[in-house]
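The listed protein sequences correspond, in order, to chains A and B. Reminder that position 672 of the first sequence reads as 893 in the numbering used here, one-by-one numbering, no gaps. Reminder that position 71 of the second sequence reads as 80 in the numbering used here, one-by-one numbering, no gaps. The C-beta atom is built at its ideal place from N, Cα and C for all residues, glycine as well.
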Amino acid sequence: MSTKSLPSACARQSLAANRPSSGCPKASPVFKVGGGSPRGGPHKMDALAPGWSAGLRLLSLGRHSQAGAFPPGSGPAHFIRSSARQPVREENPRRRRPGPHREGGGGEAAPVLRRRVSIATPEAAAIGRATGSGSGGRCGSGGMLAAAGLPLLLLLLAAAGPGRAERDALREELLLSPLPDGDVAATFQFRTRWDADLQRGGVSHYRLFPKALGRLVAALGVRELHLALTQGFWRTRVWGQPPLQAPAGAELWVWFQPTVTDVDKAWKELSNILSGIFCASLNFIDSTNTVTPTASFKPLGLANGTDHHLLRYAVLPREVVCTENLTPWKKLLPCGSKAGLAVLLKAERLFHSSYHSQAVHIRPICRDASCLAVSWELRQTLTVVFDTFSSGQGKKDWSLFKMFSRTLTDACPLASQSKVYVDISPKNKEKELLEVTPPPATVHEAIVQGDKRTYAIYDLLSPSLFNTSRSLNVQLKWKRPQDSSDLPTPILHAQRYVSGYGLQTGEISTLIYNTHPYRAFPVILLETVPWYLRLYVHTLTIITKGKENKPSYIHYQPAQDRRRPHLLEMLIQLPANSVTKITIQFERALLKWTEYTPDPNHGFYVSSSVLSALVPSVIAMKDVDVEQSPLFTSLFPSSDGSSYFVRLYTEPLLVNLPTPDFSMPYNVICLTCTVVAVCYGSFYNLLTRTFHVEEPSRGGLAKRLANIIRKFRGVPPL
Amino acid sequence: MPVAWLEKTMWTLGLEVHRQPFSRTLPFPDELRERYMVKGTNVYGILRAPRAASTEALVLSVPCSEGPHNNQAVGLMLALASYFRGQIYWAKDIIFLVNEHDLLGMEAWLEAYHDVNLTEIQSSGTLGRAGAIQAAIALELSSDVVTSFDVAVEGLNGQLPNLDLLNLFHAFCQKNGLLCTIQGKLPRSDWDSLPAFAHSLQTLLLMVLAQASGQPRGDHGLFLRYRIEAITLRGINSFRQYKYDMTTVGKTLEGMFRKLNNLLERLHQSYFFYLLPSLSRFVSIGVYMPAFGFLILVLILKALDLWMKLSKSETGGSERLWDADHATGEESRPGLLALVPPLVICHAAGLALYFLPVLGQHVATQHFPVSESEAVVVLLWGHGGVWVGRDLEEHQIHPPALGRDTSHQPRLLQAPSNLPLNPSRDGAATASLANLGQALTTLTPNKFLPRSHLNLHFFSLKPFHLILWLPSLIQSPSPAFLEPLEGLEGATIRTQGACWAARAGCQPMASFPPTTPSPPKPFSPPPAWAGTWGAMSPPQGQDPGCSP
């Protein structure tokens with residue numbers, strides 16, 4: 222029984238189109254999904270529910286009900302097709318129907334339902350295929366689906382039974398922080414937490430958690446998955462430490478379960494599937510750009526062992542991120558981009574920015590403080606940096622509308638928390654440089670990344686927010702124009718470049734700055750260099766303040782041509798207030814002529830190196846409650862109060878390799894082949910072919926013998 | 010240089026500002042101030058391209074020294090920076106660089122940017138970097154009135170930027186109606202007349218001279234070592250009637266930067282070796298390199314000849330060696346008069362080849378029912394040497410070039426032999442040398458190709474031209490060429506060519522005393538020489554072709 226994808230986007234769009242304009246979610250009472258104990262008991266379906274929504278719900282439910290364990294051997298293409306997210310769930314929270322129905326009480330009705338659905342789904346799939354899978358213009362099928370779903374509604378009524386509910390909760394957050402140089406960073410985070418164990422395979426009903434990712438986790442034995450697609454480069458020196466770091470291009474790192482026997486195979490399969498889900502070129506991840514770091518990447522979630530053989534890490538620095546990656550990312554959100562904070566995610570504006578990074582993090586976490594059970598957490602984050610200078614003609618004031626050309630009108634009805642944070646921390650000890658309108662209801666003080674920050678909080682779920690105006694348009698004005706050009710430098714930042722000239726050798730230099738006035742701290746540097754830059758490890762020098770700095774840990778894995786890249790991991794102590802320069806020389810290999818990219822003179826990318834450090838904070842940090850902390854620190858828990866974890870990515874490098882002139886050989890080959898084929902070939906043929914009349918020979922002794930035998934047998938002779 | 014003001018202005022424009030102080034101890038005192046220590050500061054602002062990872066960059070550099078020398082350029086650069094900052098289409102970072110002390114500052118900046126130290130310039134300060142620089146434009150405006158733009162291409166050691174960059178500039182000049190010159194010479198509209206040709210020749214020779222000097226003709230010249238295509242644009246006030254306002258100049262620069270910004274790859278697959286008779290025409294390496302190649306071939310053949318002699322003498326025994334020493338002591342130098350017959354014969358042959366096709370065309374149209382244009386095709390099949398003849402003929406109409414040939418010939422021929430001994434750092438010396446040889450050999454007007462001309466026939470026919478012409482290059486007479494080759498029935502054409510070439514090489518390699526004219530001795534080939542290639546060398550270590 223194979224599941225087919227419903228045109229879920231279409232259903233959602235039809236939902237949106239049919240939604241009353243008075244704002245149904247806004248009018249409905251706030252619904253706490255994650256809070257409280259789940260409602261058990263037999264499910265009562267309102268028989269008089271509006272046909273279209275009930276039918277849709279039914280279809281989605283049916284699809285969930287009949288979804289068995291994902292066959293592990295099935296190919297990626299099939300899996301991609303079958304793993305589209307289910308359509309929008311509960312339109313009206315009052316008619317909430319928790320729990321899966323497989324283990325439900327209606328034992329006889331369930332098979333019937335399953336059979337009917339398996340009949341019905343091919344039609345739906347056909348419609349989905351006919352109307353296209355990703356683009357608009359398929360909204361007409363929603364009505365047809367609804368019509369097909371109506372008879373099933375009655376069946377469902379019989380099938381409804383008591384279900385064991387698993388809590389899932391969605392929290393959406395938006396953090397707006399003015400950066401030191403005047404730009405504005407907007408960081409979205411959508412956290413879906415699900416109190417179900419995905420690995421057991423018994424999970425079939427997906428509510429808020431996207432099914433595509435959930436089944437991926439279950440089928441491929443993924444323990445942790447971190448995927449980031451980034452366009453641009455976070456300039457740590459002028460923008461400060463980012464809330465969530467990502468290298469330019471695509472980054473994927475995955476911890477697999479210890480039960481996975483062939484990690485490489487699972488990794489390959491996973492990258493291909495993700496490539497399909499996110500429309501990214503992740504299928505270009507192969508052994509030549511995959512490494513297994515030993516120290517840089519630790520599991521961020523619940524883990525009972527850190528055997529790094531279960532880790533795979535790859536970066537594609539060339540990946541260009543654009544709307545085709547954003548759309549599937551938005552589709553994973555429970556509310557899509559129809560309600561809540563996600564309405565701001567307008568691609569046209571998001572890509573009119575200085576930096577765009579979107580990420581998906583899946584990890585297991587403790588369900589509660591006792592940590593006896595596992596919950597799964599999905600974080601979808603998106604960071605955008607808006608250049609207020611170019612858009613605002615030199616003024617550094619901004620507003621939500623200016624940045625996103627939309628304002629917030631409501632929270633996602635499925636979210637249990639929906640908040641907007643604005644960083645209004647005073648800079649340079651001058652208080653109240655910023656003025657925020659509308660005045661925030663609450664102000665939160667937190668210590669984030671070693672710095673004391675003040676946040677204005679707008680809770681979209683509180684009814685008082687939309688009392689005065691129908692929409693929330695956060696505005697920020699600088700009371701005094703910023704005039705100082707000395708920006709606060711972050712404690713840890715780095716720079717990487719290729720030095721030297723010529724096409725034979727070169728040198729990769731990394732400068733790591735520690736601007737902390739009195740504390741030294743260690744940093745783990747991870748360099749992944751493609752094989753065609755042949756590193757000379759004996760030229761590795763680490764110099765701090767004119768003296769050689771011996772790393773206390775070095776892990777080096779040499780490259781194998783066309784198989785695997787160089788991997789260099791070092792633990793380096795950075796003295797206080799110092800610059801550490803790390804250089805390593807390389808030689809540029811000459812590739813085979815088929816190995817060059819179509820644009821070889823553009824150069825070849827070397828992915829960013831990764832710096833992981835526990836940076837001592839300038840001010841003492843309180844031990845904050847990780848789960849309740851509103852911001853983004855909770856992805857990297859701090860070990861103690863005195864330091865915080867920072868991961869930095871340096872610039873990717875563009876290295877020119879010796880490139881043959883591809884135009885000349887092309888012409889020569891074409892011309893030569895033509896000449897040879899046409900002229901020489903025919904002439905040679907004419908000149909060397911000899912024509913002579915073949916005499917019917919009587920053949921040798923063997924033939925004569927054979928003919929004699931044939932004559933005996935009555936067979937015509939040879 | 011007002012460093013603080015520049016920094017502040019650039020910061021207000023929204024650039025990422027950096028400064029780079031540098032100092033250099035000169036080996037000799039400065040001409041103007043008589044100082045040994047030069048200190049300066051480069052200021053530059055980086056315009057970070059949105060959503061780009063700082064992997065590629067473009068540079069607009071403006072030299073700025075004390076005084077109001079280049080103030081206009083600084084102003085224009087700042088205006089451009091302010092305009093560029095507001096645009097969203099940049100895919101490469103743009104570095105706006107104000108360098109002090111012209112070339113010194115530029116070299117300091119480039120070395121610091123690429124983290125190499127070639128000239129012991131000390132520089133300090135943290136540098137902002139923006140990845141691999143793809144192209145650079147240096148801007149100099151001598152006054153606020155610009156009537157024309159002069160473009161300088163010659164870099165350090167005669168290196169040249171990619172021709173496409175120059176084409177880009179030329180295209181934008183034409184689009185915006187700017188008057189642009191090269192070597193300070195305006196292009197002429199007519200191409201066929203003799204004065205136009207002389208004009209082009211002059212321009213080309215100026216470029217050859219500039220390249221041969223090895224000096225960069227502007228700040229751009231230092232970029233070329235780092236494989237950054239760069240040109241210098243100089244705004245000239247030549248007191249013409251029509252002037253250009255800064256908007257036109259700015260538009261041109263903006264257009265160039267946008268074009269460079271749109272490049273997916275580095276500039277490549279165009280010409281890196283060329284000579285420019287005007288801004289819109291060039292002489293490609295494909296035209297002048299074969300000639301140079303044949304000059305080098307002479308050396309190879311000579312070396313082959315010597316090697317064969319060596320093997321001969323080894324087998325021959327000691328008394329032959331002794332005889333050879335005896336014989337070489339007696340031989341005398343040929344005179345200049347000996348040059349005349351080969352020259353006359355060569356040029357007569359050239360003239361014949363030049364005019365015969367034309368005559369043949371007439372004859373063909375008279376005797377065959379074909380039109381004139383078709384007759385050319387017939388003739389082309391008949392005479393492969395139409396172009397050969399024209400080449401030869403045109404050398405005759407330029408006596409200066411020919412005169413240079415003869416007088417500079419020893420140096421010219423020795424130059425290639427020095428080539429492998431001088432490890433030229435970037436291959437640039439090779440280029441300038443090649444240009445030198447090129448200037449002497451291919452100054453024919455019909456090779457001033459319009460761009461985008463597929464010059465296959467020139468390329469392919471050049472060898473013939475050179476083989477025929479080589480005897481006229483050499484100073485020693487070529488009796489083998491003059492005399493009827495009675496004894497050479499068995500020898501192949503290849504042997505002849507080798508002999509000529511060997512002769513061409515052998516004489517200038519020796520010290521060249523002022524010779525007394527002496528008539529060439531008749532050539533009497535020994536019977537052994539008429540044999541195969543292996544037996545080509547005559548006995549007694551004498552090359553019959555090379556010694557008179």
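CB contact flag (residue i, residue j, <9 Å)
i: A144 of chain B; j: A239 of chain B; result: yes
i: A139 of chain B; j: G244 of chain B; result: no
i: L693 of chain A; j: Y679 of chain A; result: yes
i: P786 of chain A; j: V512 of chain A; result: yes
i: N735 of chain A; j: A797 of chain A; result: yes
i: G453 of chain A; j: A61 of chain B; result: yes
i: T731 of chain A; j: S828 of chain A; result: no
i: T602 of chain A; j: T451 of chain A; result: no
i: L198 of chain A; j: S864 of chain A; result: Not covered by the structure: residue 198 of chain A. The range shown for chain A is 222 to 939.
i: P538 of chain A; j: I498 of chain A; result: no
i: G403 of chain A; j: T609 of chain A; result: yes
i: L531 of chain A; j: R444 of chain A; result: yes
i: T801 of chain A; j: L792 of chain A; result: no
Minimum Cβ-Cβ distance from residue i to chain A less than 9 Å
i: P59 of chain B; result: yes
i: T374 of chain B; result: no
i: L87 of chain B; result: no
i: Y297 of chain B; result: no
i: R28 of chain B; result: no
i: I97 of chain B; result: yes
i: E25 of chain B; result: yes
i: Y253 of chain B; result: no
Minimum Cβ-Cβ distance from residue i to chain B less than 9 Å
i: A298 of chain A; result: Caution is warranted here: a pLDDT of 34 is assigned to A298 of chain A, below 50, making its placement in the model unreliable, and no coordinate value can be reported.
i: V719 of chain A; result: yes
i: L922 of chain A; result: no
i: R456 of chain A; result: yes
i: R925 of chain A; result: no
i: D528 of chain A; result: no
i: L874 of chain A; result: yes
i: A351 of chain A; result: At A351 of chain A the pLDDT is 36, less than 50, meaning the model places this residue with poor confidence and gives no usable figure here.
i: D820 of chain A; result: yes
i: Q716 of chain A; result: yes
i: G723 of chain A; result: yes
Presumed contact (8 Å Cβ cut-off) between residue i and residue j, rounded CB distance
i: P514 of chain A; j: Y534 of chain A; result: 5 Å
i: F31 of chain B; j: A117 of chain B; result: 4 Å
Which of the residues in the segment 125-148 of chain B, read from start to end, lie with their CB under 7 Å from any CB of chain A? V125, R138, G140 and A141
Contacting positions in the segment 538-565 of chain A - beta carbon closer than 7 Å to chain B: Going along the segment 538-565 of chain A in chain order, one finds no residue with a Cβ nearer than 7 Å to chain B.
If you scan the segment 584-644 of chain A from start to end, which runs of the beta strand (DSSP E) of 3 or more residues do you find wholly inside it? Listed in chain order, they are 595-607 and 636-644.
Pull out every residue of the segment 267-291 of chain B whose Cβ sits closer than 7 Å to any Cβ of chain A, in chain order. L273, E274, R275, H277 and Q278
Proximal residues, the segment 54-79 of chain B versus chain A, C-beta separation under 8 Å: From the segment 54-79 of chain B, only R57, P59, R60, A61, A62, S63, T64 and E65 have a Cβ closer than 8 Å to chain A.
Name the residues in the segment 100-123 of chain B whose C-beta lies less than 7 Å from a C-beta of chain A; which are they? H123
Please list, in chain order, the residues of the segment 435-466 of chain A that have any C-beta partner in chain B closer than 9 Å. T451, Q452, G453, F454, R456, R458 and V459
Please go through the segment 416-489 of chain A and give each complete beta strand (DSSP E) segment of 3 or more residues, from N-terminal end onward. 443-452 and 470-477
Quick one: complete alpha helix (DSSP H) runs, 4+ long, within the segment 524-573 of chain A? 544-552 and 568-571
When you check each C-beta in the segment 234-253 of chain B against every C-beta of chain A, which residues fall closer than 8 Å? R234, Y235 and R236
When Cβ atoms are compared, which residues of the segment 570-597 of chain A fall closer than 8 Å to chain B? F572, H573, S574, S575, Y576 and H577
Name the residues in the segment 392-424 of chain A whose C-beta lies less than 9 Å from a C-beta of chain B; which are they? D402 and G403
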